[in-house]
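Trainee: One structure follows; several queries about it will come next.
Number of protein chains: 2
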Amino acid sequence: MGYYALIMAGGGGTRLWPLSRRSLPKQALRLVGERTMFEHAVDRIAPIFQPDEIYVVTTADQEEPLMFQAPDLPRANFLVEPLGRGTAPAIGLGAIHIKRRDPDAVMVVLTADHFIRDVDTFRRVLRAAAQVAEEGHLVTLGISPTFPSTGYGYIKQGEKLGDVDGFAVYRAERFTEKPSAETAFMMVESGEYTWNSGMFIWRVDRILEEFARQMPGFYNQLVQVEAVLGTPAYEQTLKRIWPQVTPQTIDYGIMEGAEDVVVIPVDIGWSDVGNWSSMRDILPADEDGNVVVGEHLGIDTRNTIVFGRGRLIATIGLEEMIVVDTEDALLICPVEREQEVREVVRRLKELDRNDLL
Amino acid sequence: MGYYALIMAGGGGTRLWPLSRRSLPKQALRLVGERTMFEHAVDRIAPIFQPDEIYVVTTADQEEPLMFQAPDLPRANFLVEPLGRGTAPAIGLGAIHIKRRDPDAVMVVLTADHFIRDVDTFRRVLRAAAQVAEEGHLVTLGISPTFPSTGYGYIKQGEKLGDVDGFAVYRAERFTEKPSAETAFMMVESGEYTWNSGMFIWRVDRILEEFARQMPGFYNQLVQVEAVLGTPAYEQTLKRIWPQVTPQTIDYGIMEGAEDVVVIPVDIGWSDVGNWSSMRDILPADEDGNVVVGEHLGIDTRNTIVFGRGRLIATIGLEEMIVVDTEDALLICPVEREQEVREVVRRLKELDRNDLL
Chain A
155 MGYYALIMAG GGGTRLWPLS RRSLPKQALR LVGERTMFEH AVDRIAPIFQ
205 PDEIYVVTTA DQEEPLMFQA PDLPRANFLV EPLGRGTAPA IGLGAIHIKR
255 RDPDAVMVVL TADHFIRDVD TFRRVLRAAA QVAEEGHLVT LGISPTFPST
305 GYGYIKQGEK LGDVDGFAVY RAERFTEKPS AETAFMMVES GEYTWNSGMF
355 IWRVDRILEE FARQMPGFYN QLVQVEAVLG TPAYEQTLKR IWPQVTPQTI
405 DYGIMEGAED VVVIPVDIGW SDVGNWSSMR DILPADEDGN VVVGEHLGID
455 TRNTIVFGRG RLIATIGLEE MIVVDTEDAL LICPVEREQE VREVVRRLKE
505 LDRNDLL
Chain B
155 MGYYALIMAG GGGTRLWPLS RRSLPKQALR LVGERTMFEH AVDRIAPIFQ
205 PDEIYVVTTA DQEEPLMFQA PDLPRANFLV EPLGRGTAPA IGLGAIHIKR
255 RDPDAVMVVL TADHFIRDVD TFRRVLRAAA QVAEEGHLVT LGISPTFPST
305 GYGYIKQGEK LGDVDGFAVY RAERFTEKPS AETAFMMVES GEYTWNSGMF
355 IWRVDRILEE FARQMPGFYN QLVQVEAVLG TPAYEQTLKR IWPQVTPQTI
405 DYGIMEGAED VVVIPVDIGW SDVGNWSSMR DILPADEDGN VVVGEHLGID
455 TRNTIVFGRG RLIATIGLEE MIVVDTEDAL LICPVEREQE VREVVRRLKE
505 LDRNDLL
C-alpha cells in the first residue's frame with residue numbers, strides 16, 4: 155500500500171493583513187523564523203515521506219514560489235488548479251492523481267498554513283491514522299480544544315472504536331460549523347468535541363466513492379479530467395472544466411454527510427494562525443507577556459503582539475495591543491478588536507487600494 | 155538705522171524622536187507641509203527684510219543644509235559656530251557681525267524651530283518692537299498664554315509704558331523658568347504673565363553692553379573675535395576661542411539680570427513644537443479630533459496624533475495616542491505619557507544605537 159501526502163496550498167486571503175495580501179497568502183508568510191508556513195508544512199512530513207510521495211495542490215500564481223520553496227519535490231507533484239474552487243475540488247484533483255499512481259493508496263490531506271508545535275506526535279498520529287484509513291474509514295484529526303474557540307469548526311465524538319498506537323479512535327458523530335461563544339463553551343466543557351483541523355487521512359478509492367455519492371456533478375467533471383491524466387490533453391481539459399466546477403468545501407460537501415468517518419483526537423499544539431492574536435499560540439511570550447517578531451523597545455508594554463521587521467518599534471504604555479509593521483502599511487489595534495481588521499481591508503477595497511490588498 | 159534679523163538655527167535634540175535626530179534637528183523637519191521649520195522661519199520674515207539683512211547662526215554640520223534651504227541669503231550671512239555654546243554666545247556672535255555692518259543696527263533675534271500661525275501680526279509686532287528697541291529698550295516678545303503650560307518660561311509684566319502701533323508695551327518685571335503646574339495655573343489666571351518666546355529685539359550696542367556687564371568673561375572672548383572680523387584670521391580665532399567659551403543661555407546669562415527690559419504681549423498662534431502633542435497647535439484636527447500627517451485609515455480612532463509618510467497607517471480603537479512612523483523607527487505611546495519618549499532615547503543611548511539617535 156502506498157502512502158502519499160497532499161498539501162493544500164491554494165489559499166489566498168488577507169486575515170493577517172497587513173502582512174498577508176492577495177498575492178502573499180498566509181502559506182507564504184515567515185511567521186516563525188525564516189521558513190515560510192509552506193516550508194514548515196513540507197519540513198514536518200519530510201521524515202515520513204519520500205519527496206516524490208508529497209503532492210501539492212495550488213493555483214497558477216502560487217506554483218512558482220512554492221516550487222522554489224520546496225526544490226526537492228518533483229515538479230510533476232505540483233498540481234495546479236486553473237483557479238481555486240475550494241477544498242473539495244482541490245482534494246478531488248489530488249485524489250485522481252494519486253489514484254493513477256497507486257489505486258490502493260492512502261492519502262493524507264494536509265494544510266500549508268497551519269502551525270503544529272509537537273511535530274513528533276503529529277508524525278506518530280499520521281502513521282496510526284494511516285492504519286485506520288487502510289480499513290476504509292475516513293479519518294479526521296481532531297484537535298483537543300484548549301479554549302472555547304468560536305473560530306474553528308468542531309467534531310463530535312461518538313462510540314470509541316479502539317486504540318491504535320496509543321491514539322484513541324472514535325466514530326465521528328457530527329461536524330459543526332463555527333459555534334456561538336455559548337455553544338463553544340458547552341462543547342469544550344463536555345469533553346466530547348474536538349476542533350476540525352482540516353487534516354484527513356483516507357484511501358483514495360473511499361474518498362472518490364464519497365465524491366461520486368455526495369457530489370455527483372463534480373465527480374462527473376473529475377472523471378473527465380481523470381480520463382486524460384498523463385496525456386497532452388490534460389491541461390486543456392482541466393482549463394475547460396475547472397471554471398465550470400461549483401466551489402465547495404470538503405467539510406460541507408463531503409464530511410458532514412460522509413459514511414464511516416472516524417476522528418482521532420490529538421494534542422499537537424495546533425493553531426490555524428487565523429488572526430494576529432493566534433501569534434501567541436505559535437511564539438513564546440517575553441517576561442512582560444509580549445510576543446515579538448523584530449526589534450521592540452517596550453516601556454511599560456504588556457501582553458502586546460508586535461510583528462515587525464527591520465524597523466525599531468518603540469512602545470510606551472501599551473497593553474493587549476497588536477502592532478504589525480510592514481513595508482507599506484502599519485496596523486495598530488487592540489487585541490479585542492482584531493476582527494475589525496476585516497473592516498480595514500473592506501475600506502481599502504472601496505478605496506481601490508489594490509496595492510495594499 | 156539698519157534693521158537685521160538673526161535666526162538661531164543651531165539646535166540639535168531629539169524631543170521629536172523618532173523624527174528628529176542628532177543629525178536632523180527640529181529646524182530641519184517638515185512638520186507643516188513640504189517646507190522645513192527653518193524655511194518657514196525665513197519665509198515669515200522675507201517680506202520685511204532684504205535677503206542680505208537676514209543672518210543665520212548655526213553649527214558646522216548644519217551649515218550646508220541650511221544654505222541649501224535658503225539659497226537667496228548671502229553665504230557670508232551664515233555665521234558658523236565651531237560648536238554650539240548655547241543661545242548667549244550665538245547671539246553675541248551675531249551681534250558683533252551685525253554691529254560691524256551697522257553700529258546703530260537694531261537686531262531681531264528669531265528662532266528657527268518654532269511655529270507661528272498668524273504671520274501678519276508677527277510681522278507687525280516686529281516693526282513695532284523695532285521702534286521700541288531704537289529707544290534703547292531690550293524688547294522681548296511675550297506670548298499670551300492659552301493654557302497653563304509647564305513647558306515654557308514666563309515673563310511677568312510690570313508697569314505699562316505705552317502703546318506702539320496698537321501693541322501694549324510693559325516693563326518686564328521678572329523672568330521665570332518652567333514652573334510647576336500649580337504656579338503655571340496661578341500665573342495664567344493672573345493675566346500678568348506671558349510665555350517667553352525666545353524672540354528678542356534690541357540695538358546691538360545695548361545687548362553688547364549687557365554682555366560686557368553680565369558676562370564679562372565671554373564678552374572678553376567676543377572682543378577678540380570682533381578684532382579679527384573680516385580678516386583671514388577670523389576662522390582660526392573663532393576655532394581657538396569658542397571651545398573655551400562657557401555654555402550659557404540668553405535667558406539665564408542676560409535677560410534675568412538685564413536693565414530696561416520690556417515685553418510686548420502678542421497673540422500670534424505661537425508654539426515651540428516641543429513635543430508631539432504640540433502638533434495639535436500647528437495642524438488642524440479632522441472631525442474625529444485626529445491630527446494626521448500622511449495616510450491614515452482610522453476606525454473608531456479619536457484625538458490621536460498620527461505622523462507618517464509614505465506608509466498607510468491603519469488604526470482601530472485608538473484614543474489620545476501618538477503614532478510616529480519613520481523610515482527606521484516607529485513610536486506608539488499615549489499622549490499623556492509622551493514625556494517618556496526621553497526614556498526611549500536614553501535606552502537607545504545605552505544600547506549604543508547611534509543609528510537611531
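Top line first, the protein sequences correspond to chains A and B.
Okay, so the first sequence: first residue is 155 according to this note's numbering, each after it adds one.
Okay, so the second sequence: first residue is 155 according to this note's numbering, each after it adds one.
Built from N, CA and C at the ideal position, the CB exists for glycine as well.
This one's a predicted model, so the numbers in the text were calculated from it and none came from an experiment.
Does the region 244 to 254 of chain A come close enough to the region 380 to 400 of chain A to have 3 or more Cβ pairs within less than 8 angstroms?
Mentor: Yes, the region 244 to 254 of chain A is in contact with the region 380 to 400 of chain A.
Trainee: Tell me which same chain residues have a C-beta within less than 8 angstroms of the C-beta of serine 431/A, skipping the five on either side of it?
Mentor: Within the first sequence, residue 431/A is the residue found at index 277, counting from 1. Closer than 8 angstroms at Cβ, skipping near neighbours: Ile459, Ile476, Val489 and Glu492.
Trainee: According to a CB-to-CB cut-off of less than 7 angstroms, which residues of the region 342 to 362 of chain A neighbour chain B?
Mentor: Residues passing the 7 angstroms Cβ filter: none.
Trainee: Can you name the residues of chain B whose CB is closer than 7 angstroms to the CB of valine 477/A?
Mentor: Working through the first sequence from its first residue, we reach residue 477/A at position 323. Within chain B, the residues near valine 477/A are Ile486.
Trainee: When Cβ atoms are compared, which residues of the region 439 to 453 of chain B fall closer than 8 angstroms to chain A?
Mentor: Residues passing the 8 angstroms Cβ filter: Leu451 and Ile453.
Trainee: CA-CA distance, glutamate 289/A and valine 379/A?
Mentor: The sequence position of residue 289/A within the first sequence is 135, counting from 1. The sequence position of residue 379/A within the first sequence is 225, counting from 1. Distance between the alpha carbons of glutamate 289/A and valine 379/A is about 28 angstroms.
Trainee: Assuming the contact rule is C-beta atoms closer than 8 angstroms, glycine 307/B and threonine 275/B should be a hit. Round their C-beta distance to whole Å, please.
Mentor: The residue labelled residue 307/B in the question sits at position 153 within the second sequence. The residue labelled residue 275/B in the question sits at position 121 within the second sequence. With 8 angstroms as the limit, glycine 307/B and threonine 275/B do not qualify as a contact, their Cβ atoms being about 22 angstroms apart.
Trainee: Who are the Cβ neighbours of glycine 238/A in its own chain at under 6 angstroms, not counting the five residues just before and after it?
Mentor: Indexing the first sequence from 1 puts residue 238/A at position 84. Excluding residues within five positions, the ones whose Cβ falls inside 6 angstroms are Gly164 and Thr213.
Trainee: What residues from chain B crowd round leucine 472/A, counting only those whose CB sits closer than 7 angstroms?
Mentor: Locating residue 472/A in the first sequence gives position 318, where the first residue counts as 1. Under the 7 angstroms cutoff, chain B gives Ile486.
Trainee: Rounded to whole angstroms, how far is the Cβ of arginine 169/B from the Cβ of asparagine 429/B, which I believe are closer than 8 angstroms?
Mentor: Here residue 169/B refers to the residue found at position 15 when the second sequence is read from its first residue. Here residue 429/B refers to the residue found at position 275 when the second sequence is read from its first residue. Their Cβ separation, rounded to whole angstroms, is 6 angstroms, which keeps arginine 169/B and asparagine 429/B in contact under 8 angstroms.
Trainee: Would you check if there are 3 or more beta carbon pairs closer than 8 angstroms linking the region 407 to 415 of chain A to the region 356 to 364 of chain A?
Mentor: Short answer: they touch.
Trainee: If you scan the region 291 to 374 of chain B from start to end, which runs of the alpha helix (DSSP H) of 4 or more residues do you find wholly inside it?
Mentor: Those alpha helix (DSSP H) runs which fall completely within the region 291 to 374 of chain B and span 4+ residues are 335 to 344 and 358 to 368.
Trainee: Less than 8 angstroms between CB atoms is the rule here; does glutamate 504/A satisfy it with respect to chain B?
Mentor: For the purposes of this step, residue 504/A is identified with residue 350 of the first sequence, where counting begins at 1. Chain B, which has no Cβ nearer than 8 angstroms to the Cβ of glutamate 504/A, makes this no.
Trainee: May I ask which residues mark the beginning and end of the beta strand (DSSP E) holding isoleucine 453/B?
Mentor: Position 299 of the second sequence, counted from the start, is the residue given in the question as residue 453/B. Here the beta strand (DSSP E) through isoleucine 453/B covers 450 to 453.
Trainee: Give me the DSSP bridge partner(s) of leucine 233/B.
Mentor: Against the second sequence, residue 233/B aligns to sequence position 79. BP columns for leucine 233/B point to Val211/B.
Trainee: Check the Cβ-Cβ distances between leucine 510/A and every residue of chain B, and say whether any is below 8 angstroms.
Mentor: Position 356 of the first sequence holds residue 510/A. Leucine 510/A counts as touching chain B.
Trainee: Does the distance from the CB of serine 344/B to the CB of leucine 295/B come in under 8 angstroms?
Mentor: Position 190 of the second sequence holds residue 344/B. Position 141 of the second sequence holds residue 295/B. Cβ distance not < 8 angstroms, so serine 344/B and leucine 295/B don't count as in contact.
Trainee: Excluding the 5 residues flanking proline 299/A on each side, which residues of the same chain have their C-beta closer than 6 angstroms to its C-beta?
Mentor: In the first sequence, the residue the question calls residue 299/A occupies position 145. Cβ neighbours of proline 299/A beyond the five flanking positions: Val342 and Trp349.
Trainee: Using a Cβ-Cβ cut-off of 8 angstroms, state whether valine 498/B counts as contacting chain A.
Mentor: By 1-based counting over the second sequence, the position of residue 498/B is 344. Chain A contact via Cβ: present.
Trainee: Can you give the beta carbon distance from leucine 510/B to leucine 466/A, rounded, assuming they're within the 8 angstroms contact cut?
Mentor: By 1-based counting over the second sequence, the position of residue 510/B is 356. By 1-based counting over the first sequence, the position of residue 466/A is 312. Contact holds; Cβ gap of about 6 angstroms.
Trainee: Can you pull the DSSP bridge partners for tryptophan 584/A?
Mentor: Missing from the structure shown is residue 584/A; chain A here goes from 155 to 511 and no further.
Trainee: Is threonine 168/B close to chain A, meaning its C-beta is less than 8 angstroms from at least one C-beta of that chain?
Mentor: The residue given as residue 168/B occupies position 14 in the second sequence. No - not a single Cβ of chain A is within 8 angstroms of the one on threonine 168/B.
Trainee: Would you please verify whether the beta carbon of arginine 501/A is less than 8 angstroms from any beta carbon of chain B?
Mentor: Within the first sequence, the letter at position 347 stands for residue 501/A. So yes, arginine 501/A belongs to the interface.
Trainee: How long is the line joining the alpha carbons of arginine 496/A and phenylalanine 461/A, rounded to whole angstroms?
Mentor: As a first step, residue 496/A must be located in the first sequence, where it is residue number 342. As a first step, residue 461/A must be located in the first sequence, where it is residue number 307. Between arginine 496/A and phenylalanine 461/A, the C-alpha separation is close to 18 angstroms.
Trainee: If we ignore side chains and look at the alpha-carbon of each, how far apart do phenylalanine 222/B and phenylalanine 232/B end up?
Mentor: Walking along the second sequence from the start, residue 222/B turns up at place 68. Walking along the second sequence from the start, residue 232/B turns up at place 78. Whole-angstrom Cα-Cα distance: 11 angstroms.
Trainee: Please tell me whether arginine 175/B has its Cβ less than 8 angstroms away from any Cβ of chain A.
Mentor: By one-based count along the second sequence, residue 175/B stands at place 21. Answer no: the Cβ-Cβ gap between arginine 175/B and chain A never drops below 8 angstroms.
Trainee: Would you check if the distance between the CB atom of methionine 191/A and the CB atom of aspartate 267/A is smaller than 8 angstroms?
Mentor: On the first sequence, residue 191/A is found 37 positions in, with the first residue counted as 1. On the first sequence, residue 267/A is found 113 positions in, with the first residue counted as 1. In contact: methionine 191/A and aspartate 267/A (Cβ atoms closer than 8 angstroms).
Trainee: Rounded to the nearest angstrom, what separates glutamate 313/A and alanine 483/A at their Cα positions?
Mentor: The residue given as residue 313/A occupies position 159 in the first sequence. The residue given as residue 483/A occupies position 329 in the first sequence. So the alpha carbons of these two residues sit roughly 50 angstroms apart.
Trainee: Hey, is the region 433 to 442 of chain A in contact with the region 444 to 453 of chain B, meaning 3+ C-beta pairs nearer than 8 angstroms?
Mentor: In short, these stretches do not touch, since the Cβ pair count stays below three.
Trainee: Residue range of the beta strand (DSSP E) that methionine 261/A falls in?
Mentor: Within the first sequence, residue 261/A is the residue found at index 107, counting from 1. Run containing methionine 261/A: 260 to 265, per the beta strand (DSSP E) assignment.
Trainee: To which residues of the same chain is glutamate 474/B closer than 8 angstroms at the C-beta, ignoring the five residues directly before and after it?
Mentor: As a first step, residue 474/B is located in the second sequence; it is residue number 320 there, counting from the start. Answer for glutamate 474/B: Arg456, Asn457, Thr458, Pro488, Val489 and Glu490, listed in chain order.
Trainee: Is threonine 480/A closer than 8 angstroms to proline 172/A when the C-beta atoms are compared?
Mentor: For the purposes of this step, residue 172/A is taken as residue 18 along the first sequence, with counting starting at 1. For the purposes of this step, residue 480/A is taken as residue 326 along the first sequence, with counting starting at 1. Yes, the pair counts as a contact, with Cβ atoms nearer than the cut-off.
Trainee: Just the C-alpha distance for alanine 230/B and isoleucine 199/B, rounded to the nearest angstrom, thanks.
Mentor: As a working mapping, residue 230/B is identified with position 76 in the second sequence. As a working mapping, residue 199/B is identified with position 45 in the second sequence. Cα to Cα, alanine 230/B sits roughly 19 angstroms from isoleucine 199/B.
Trainee: For arginine 189/B, which three-state DSSP category applies?
Mentor: In the second sequence, residue 189/B corresponds to position 35, counting from 1. Here arginine 189/B sits in strand by DSSP.
Trainee: With a threshold of 8 angstroms between beta carbons, is alanine 468/A in contact with chain B?
Mentor: Working through the first sequence from its first residue, we reach residue 468/A at position 314. Yes, alanine 468/A lies at the interface with chain B (some Cβ there is under 8 angstroms from its Cβ).
Trainee: From alanine 338/A to valine 262/A, what distance separates their C-alpha atoms?
Mentor: Your numbering for residue 338/A matches position 184 in the first sequence. Your numbering for residue 262/A matches position 108 in the first sequence. Their Cα atoms are separated by approximately 28 angstroms.
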